[in-house]
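Peer 1: My questions will all concern the structure given below.
Protein chains in written order, with full-length UniProt numbering: chain R, 1 to 339; chain D, 1 to 339.
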């Protein structure tokens with residue numbers, strides 16, 4: 001099973017699909033292994049079976065798979081059918097699939113067809129956002145900011161400030177690649193003028209770059225945001241009157257944190273990374289819409305500047321013990337909301 | 001020498017004196033060891049020699065002492081004289097005494113009297129404040145605060161907020177015991193109403209509790225500060241008109257950070273711990289009067305509240321890599337100013 005989990009982690013382009021690994025074992029020997037590689041393409045079980053030189057070998061074998069095999073016709077035919085056809089004797093699964101389209105149906109199908117099923121109910125961080133999404137019916141929201149030792153996220157309200165070191169910057173790129181949406185407010189767009197891209201990796205499904213603005217028509221079209229092809233979503237109270245690039249989508253409405261998150265949920269997006277600024281972060285935290293906080297703490301003192309979360313009354317929340325990682329001179333601090 | 005450094009650390013009541021350890025060795029055997037125990041009392045070398053059952057054994061021995069032996073008549077007679085009298089052949093010292101009253105004179109005296117002297121120039125954190133004080137002619141200033149993950153040091157401007165956990169609280173008591181002055185501003189006195197005592201230890205020389213106020217006459221005499229006997233110093237612009245307890249001293253003048261630090265320096269106080277609030281900390285940082293920052297970071301988010309250092313233009317400063325220690329759910333983060 002450990003091997004199956006390692007195999008699962010190889011899947012870098014599963015997008016909103018879970019990362020899954022599968023290992024086929026017979027007489028204490030590994031026959032083959034596979035993982036779900038790319039959103040919309042073959043599942044881990046099928047990839048493992050495909051690698052068998054002699055397909056009849058699967059008869060009587062045990063399949064270790066990190067997630068309950070699917071039972072529905074989605075973008076690919078159901079895996080459980082294939083498993084039964086191949087004559088696999090036993091399936092050991094890491095966890096039940098929380099997606100209601102499967103959720104126990106895969107196990108039931110297998111058992112109904114005389115396949116032995118063992119569920120390890122292993123809790124891992126393999127598909128945290130995926131599991132969260134189906135449990136809570138909304139994406140996992142991470143608030144991330146770089147902060148000085150005196151709690152400031154910028155030095156001057158009008159200019160972008162350099163806070164993090166190179167290693168923290170690289171780590172934050174990694175964090176972006178693990179999220180399906182990156183969300184910022186209009187001040188951050190204007191002042192920081194970010195690209196919001198993942199520059200370290202070539203992703204098949206890069207995160208959607210989302211911006212909440214009051215008026216789409218005052219957005220500077222020369223912003224760095226428009227200089228790359230990854231999707232851009234604007235949440236605006238006004239309709240657009242300008243010609244915008246093809247990768248831009250505009251959602252017009254009276255947007256607030258709940259409504260934006262609801263729309264992401266409806267679109268099946270499982271993870272949102274909020275990257276500033278102080279006011280947007282306060283708006284989300286005020287609504288309790290924060291599940292994880294990642295702070296890159298720098299060995300700097302600014303004195304002047306905006307706080308990480310704007311001065312706003314927020315509900316009482318509990319967070320897990322602070323987890324810390326040294327990134328040269330900086331620290332990466334992570335905590336999860338637990339109540 | 002390692003043993004001498006360990007011995008030195010036993011000195012808990014040396015106050016503004018350095019902690020010093022001494023080990024007497026002959027024929028590869030430790031004859032005796034001692035440390036400076038209490039401000040104004042016998043030095044480490046003397047304490048080591050006193051422990052010899054036969055004083056003549058010291059003849060021809062080597063003395064390992066963490067600090068250059070003194071050459072002056074202070075509260076005790078000069079150690080170098082004693083060393084020569086005892087017939088000690090060689091002295092290995094950890095570092096030169098930065099106190100100008102000694103500073104090389106001890107070594108010179110010994111060499112002039114045919115004692116071999118070896119200086120290891122070992123840089124340790126044994127007497128950081130002592131060394132800093134003589135190098136910079138002012139006390140070492142540590143700014144310490146407990147902060148939430150969003151950079152707040154309180155939740156409500158009018159009420160004391162609980163930020164740290166028990167372990168961070170205990171650690172901060174330890175930090176107090178390592179400083180000779182604890183300094184706060186009048187808002188912190190009024191709102192937090194702290195005792196500023198070291199409750200975990202029974203110190204012979206507890207830190208002086210210093211408060212900067214505009215008007216001494218508006219201080220609430222029922223404050224917790226007045227409920228214990230450790231010295232209290234007020235820096236006030238006005239003269240006192242009330243009857244105050246005996247442990248209270250008032251310094252009247254137009255005080256600012258530089259003037260207060262200058263007075264501490266004049267009094268021979270080598271270390272100052274600044275414990276709030278946001279404005280006082282900003283005033284000191286603005287003047288570059290900060291050498292070390294200690295932050296107890298809590299797994300809390302407040303939204304509303306004051307920043308650790310009030311919104312003020314401060315000079316550009318460099319700090320060392322962030323040092324971190326886990327204190328259960330909290331973190332202790334330490335950094336030193338390096339430029």
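Yeah, the Cβ is synthetic: ideal placement off N, Cα and C, and Gly gets one too.
Could you run through the region 45-70 of chain R and flag, in chain order, every residue whose CB is less than 8 Å away from some CB of chain D?
Peer 2: From the region 45-70 of chain R, no residue has a Cβ closer than 8 Å to chain D.
Peer 1: When you compare each of R:252, R:25 and R:171 to residue 92 of chain R by their alpha carbons, which one comes out closest?
Peer 2: R:25
Peer 1: Determine the chain R residues that contact residue 303 of chain D at a beta-carbon separation under 8 Å, and present them in chain order.
Peer 2: 282, 285, 286, 309, 310, 311, 312, 313 and 314
Peer 1: With 8 Å set as the bound, which would you pick, yes or no: does the beta-carbon of residue 30 of chain R sit closer than that to a beta-carbon of chain D?
Peer 2: False, the Cβ-Cβ gap to chain D never drops below 8 Å.
Peer 1: Using CA coordinates, which residue listed in D:172, D:212 and D:115 is at the minimum distance from residue 144 of chain D?
Peer 2: D:172
Peer 1: Just tell me which of D:16, D:30, D:70 and D:321 has its CA closest to the CA of residue 84 of chain D.
Peer 2: D:70
Peer 1: Counting only Cβ-Cβ distances shorter than 7 Å, please list the residues of the region 181-214 of chain D near chain R, keeping chain order.
Peer 2: none
Peer 1: Please list the terminal residues of the continuous beta strand (DSSP E) segment that includes residue 35 of chain R.
Peer 2: 29-35
Peer 1: Does any residue of chain D bring its CB to less than 8 Å from the CB of residue 321 of chain R?
Peer 2: yes
Peer 1: Mind pulling the chain R residues with CB within less than 7 Å of residue 154 of chain D?
Peer 2: In chain order: nothing, as chain R lies at least about 12 Å away.
Peer 1: Which partner residues of residue 248 of chain R appear in the DSSP bridge assignment?
Peer 2: DSSP, once it has assigned bridges, lists R:232 as partnering residue 248 of chain R.
Peer 1: Do residue 377 of chain D and residue 232 of chain D have their C-beta atoms within less than 8 Å of each other?
Peer 2: The question about residue 377 of chain D has no answer here: the residues shown for chain D are numbered 1 through 339.
Peer 1: Since residue 273 of chain R and residue 189 of chain R should fall inside the 8 Å C-beta cutoff, what is the C-beta to C-beta distance between them, to a whole number of angstroms?
Peer 2: In fact, because the Cβ distance is near 15 Å, the residues do not count as touching under 8 Å.
Peer 1: Determine, using beta-carbon pairs with one atom in the region 210-219 of chain D and one in the region 161-172 of chain D, whether at least three such pairs fall under 8 Å.
Peer 2: no
Peer 1: Please identify the residue among R:285, R:230, R:55 and R:98 whose C-alpha is closest to the C-alpha of residue 86 of chain R.
Peer 2: Cα-wise, what sits closest to residue 86 of chain R is R:55.
Peer 1: According to DSSP, what are the bridge partners of residue 217 of chain R?
Peer 2: Beta-bridge pairing links residue 217 of chain R to no other residue.
Peer 1: Distance check for residue 216 of chain R and residue 72 of chain R, CA to CA, integer angstroms please.
Peer 2: 41 Å
Peer 1: Restricting to Cα atoms, I'd like to know which of D:30, D:250, D:184 and D:303 is closest to residue 235 of chain D.
Peer 2: D:250
Peer 1: For residue 292 of chain R, is the classification buried or exposed, using 16 other Cβ atoms within 10 angstroms of its Cβ as the cut-off for buried?
Peer 2: Buried is the call here.
Peer 1: Return the first residue and the last residue of the alpha helix (DSSP H) that residue 48 of chain D is part of.
Peer 2: 44-50
Peer 1: Expressed to the nearest angstrom, what Euclidean distance is found between the alpha-carbon atoms of residue 7 of chain D and residue 35 of chain D?
Peer 2: 6 Å
Peer 1: Compute the distance between the beta-carbons of residue 333 of chain D and residue 306 of chain D, then report whether it is under 8 Å.
Peer 2: no
Peer 1: Considering residue 3 of chain D, what are the terminal residues of the beta strand (DSSP E) in which it resides?
Peer 2: Note, residue 3 of chain D: premise wrong, no beta strand (DSSP E); alpha helix (DSSP H) at 2-8.
Peer 1: Determine, using beta carbons only, whether residue 300 of chain R comes closer than 8 Å to chain D.
Peer 2: Cβ-Cβ to chain D under 8 Å: yes for residue 300 of chain R.
Peer 1: Assuming residue 181 of chain R and residue 269 of chain R are in contact, meaning their beta carbons sit under 8 Å apart, how far apart are those beta carbons, in whole angstroms?
Peer 2: 5 Å
Peer 1: Determine, for residue 157 of chain R, whether the minimum Cβ-Cβ distance to residues of chain D falls below 8 Å.
Peer 2: no
Peer 1: Which residues does DSSP pair with residue 142 of chain D in a beta bridge?
Peer 2: D:273 and D:292
Peer 1: Mark residue 48 of chain D as exposed unless 16 or more other C-beta atoms lie within 10 angstroms of its C-beta, in which case mark it buried.
Peer 2: buried
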